[in-house]
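Peer 1:
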Amino acid sequence: MFIALERLIHHVKDRLDTGEQSAGPLAIFTGVSLDLFSDGVMIGRRTRLLMAASFALPVLIGAALGYLALRQAPEIVTLSVLAATGGVLTCVVLEEMVTQAHEGPTSSYGPLLLTAGFGLFALISVYVTI
133 MFIALERLIH HVKDRLDTGE QSAGPLAIFT GVSLDLFSDG VMIGRRTRLL MAASFALPVL
193 IGAALGYLAL RQAPEIVTLS VLAATGGVLT CVVLEEMVTQ AHEGPTSSYG PLLLTAGFGL
253 FALISVYVTI
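Residue numbers for the sequence shown follow this note's numbering, so the first one is 133 and each next one is one higher.
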């Protein structure tokens, strides 16, 4: 299934001929779309439909701000915005994980191992190139 989806993404990217080398943005869009689709199939309620439709607002606001504020900004500014966004998303994920992790018995090594895991991931992503 994944291979077929990857081929479809590359086919659509080639047909759109956006000039980008990477299919990353289209892959992210496809992933979010599949997530929303599966939620809709499983839940199928009116509230879920309204919530999914409301995702258009932050996307449009973000695209407008990015275009107006970052299109001619130095690369360090763009990368700083990306880093800040990544930090906020990491905090959201950690808050959810930590909250659920403390529902049962906990270990004092948990936070240390979690931090070490993120550090190891950062090292691998920086020093290993394909």
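Just so it is clear, CB atoms sit at the ideal spot from N, CA and C, and this is done for glycine as well.
Rounding to the nearest angstrom, what Cα-Cα distance links GLY198 and SER239 in this structure?
Peer 2: As a first step, residue 198 is located in the sequence shown; it is residue number 66 there, counting from the start. As a first step, residue 239 is located in the sequence shown; it is residue number 107 there, counting from the start. A direct Cα-Cα distance of roughly 42 Å separates GLY198 from SER239.
Peer 1: Residues in its own chain within less than 8 Å of ALA136 by CB, not counting five upstream and five downstream?
Peer 2: Taking the sequence shown and counting its residues from 1, one reaches residue 136 at position 4. So the list is empty, once near-sequence residues are dropped.
Peer 1: State the Cα-Cα distance for the pair LEU244 and VAL213, rounded to the nearest angstrom.
Peer 2: Within the sequence shown, the letter at position 112 stands for residue 244. Within the sequence shown, the letter at position 81 stands for residue 213. One C-alpha to the other measures close to 27 Å.
Peer 1: Going by DSSP, what residue range makes up the alpha helix (DSSP H) through LEU202?
Peer 2: Residue numbering aside, residue 202 sits at position 70 when the sequence shown is read from its first letter. No alpha helix (DSSP H) contains LEU202, which DSSP labels as neither H nor E.
Peer 1: Flag this pair as yes or no: are the beta carbons of ALA188 and GLY172 separated by less than 8 Å?
Peer 2: Locating residue 188 in the sequence shown gives position 56, counting from the first residue. Locating residue 172 in the sequence shown gives position 40, counting from the first residue. Against a cut-off of 8 Å, the Cβ pair of GLY172 and ALA188 comes out as no contact.
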